[in-house]
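Below is one structure, written out as structure tokens; comments come after it.
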Amino acid sequence: MTSSDEFREFGKAMIDYVADYLDNIRDRRVVPDVKPGYIRDVVPERAPEQGESWQAVMADLDKVVMSGVTHWHHPQFHAYFPTANSYPAIVADILSGAIACIGFSWIASPACTELEMVTMDWLAEALNLPEVFMFKSGGLGGGVIQGTASEATLVAILSARADKSKELPEVGLEKMVAYCSAQAHSSVERAGMLAGVRMRLLQPDENFSLRGETLKAAIEEDKAKGFIPICCVGTLGTTNSCSFDNILELGPICNQEGLWFHIDAAYSGSAFICPEFRPMLDGVENADSFNFNPHKWMLVNFDCSTMWVKDSRKIVDAFNVDPLYLKHHYQGQIPDYRHWHIPLGRRFRSLKLWFVMRIYGLEGLRKHIREQVELAKQFGEFVRKDDKFELALEPSLGLVCFRAKGSNELNEKLNKSVNEEGKIHITPAKIRDSYILRFAVCSRFTVASDIDFAWKEINRNLELINATD
Ligand code: PLP
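Start counting the sequence shown at -10; every next residue gets the next number (this note's numbering).
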């Protein structure tokens, strides 16, 4: 297909397909009923030598693709954490695909860099971040869109490592140590491995919150053994239970001890645009870097992981290599984002942030967050009022951790039974050796009657288990 006329037809047909898909998504099974390797049975052995029509490709979508899709935007998808989906973001990605620039430096596409700087300042303002994190402060702070929270954490640890090596050039990597809670996302431990730095997982308190005294004791212990603490990653909204590390305690300790303090709020961060949730972010002023994923809960399709730093020189110094072929006349006057992240190439991701913030408006985004929190509360009340079940923890933002009263084995059976039926999808977690079920409000299509339905399904499955045991 080479002509724009054909592209217009194909594109319009695809927009209709996407609109129909999302309009009717609730009629599908949430999780597909396919077995590993299923696709080999429905596609030819080799790629076609001659190009096919777009109509032929469209005709195969249901058989090949949709039959094996887990529908993350189904109103009964309650697993993991949400991933965002909105029409403005989808449309922005079409434009990004058309411009198809690689914005590694300002001159490589000035709009790509500058729209990112402006939207990151807009979002920083919406979060009420201290001005030191914004470009408009005229200082060293600013924001960058990373692909994922995992990359943001890695960038933070690599920057901390480079910063410490500059201060203490004689110290080898084997002496460096970083900290996070044992409840931090696995990507934090992994970032330590990738950076070649030992990551100590510290025990949080009874509310799954990493406390200052625990960090302080670990730092003292390591220093006494001759180790050099370089970084601490605090989590706001842990994956298991949406718990919050005490960043008001952790930050000042990091500042006193010369540790880089990174905050990972991958899921919860979107909520901080609502004034009533913003206090959860108090203490961010002591952080060196802060990250959250609008691609989780702020209606910006994957990938859009926003990271702010106080002193961009520290990340630029950690990653700066400057070959002649990438130099340009305005270098130094405006960020060249290739120095702010791991790959060289970068898509025009700020387009979708811009479209979403403009078309929903901050009020529209707050409404989305508030509605989802209310739905989680509704589910939490069902659990609280039913004496066959118990809350493992108080509902936190859009997540409810609960379990059927009884053994871990019973709850494992319940999880399996619910998910095998494919009508609703939930995921489990282990906290305090207890097998719990996580119910996350994920889809923007979920409404109160879906929460009713999910609760009835969970009850029905428990009755089935009890009847057969
Ligand atoms: N941090 C937390 C707290 C998370 O919940 C997750 C994913 O759910 C991540 C990090 C990893 O996110 P990403 O896929 O953007 O790397």
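Even for Gly, the Cβ is constructed at its ideal location relative to N, Cα and C.
DSSP lists G132, F279 as the beta-bridge partner residues of W297. A distance criterion of 7 angstroms places the beta-carbon of S154 beyond contact range of the ligand PLP, judged by its closest non-hydrogen atom. Of the candidates D325, N196, I79, N196 places its Cα closest to the Cα of A381.
In the three-state DSSP reduction, P218 falls in the strand class (E or B). In the DSSP assignment, the residues bridged to K419 are Y424. Unbroken beta strand (DSSP E) runs of no fewer than 3 residues, entirely contained in the segment 156 to 196, are found at 165 to 170, 187 to 191, following chain order. At a cut-off of 7 angstroms, the beta-carbon of N235 does not count as near the ligand PLP: no heavy atom of the ligand is closer than that. Shortest Cα-Cα distance from D5 to any of V58, K52, V80, I242 involves V80. Closest in alpha carbon position to V310, among R17, S94, M109, V58, is S94. With a contact defined as Cβ atoms closer than 8 angstroms, G201 and L239 qualify at about 6 angstroms. In this structure, the beta-carbon distance from G387 to V436 does not fall below 8 angstroms. With respect to the 8 angstroms criterion, N229 and A138 are not classified as neighbours on the basis of their beta carbons.
As the crow flies, the alpha-carbon of L199 is around 19 angstroms from that of P384. With respect to the 8 angstroms criterion, L116 and I262 are classified as neighbours on the basis of their beta carbons.
Distances between the C-beta of H414 and the heavy atoms of the ligand PLP are all 7 angstroms or more. The segment 37 to 53 and the segment 414 to 429 do not touch, with fewer than three beta-carbon pairs separated by less than 8 angstroms. In this structure, the C-beta of H318 stays at least 7 angstroms away from each heavy atom of the ligand PLP. For Y69, the Cβ falls inside the 7 angstroms cut-off from some heavy atom of the ligand PLP. Contact between W297 and F122 holds: CB atoms are separated by about 4 angstroms, below the 8 angstroms threshold. Checking the 7 angstroms criterion, the Cβ of N117 is out of range of every heavy atom belonging to the ligand PLP.
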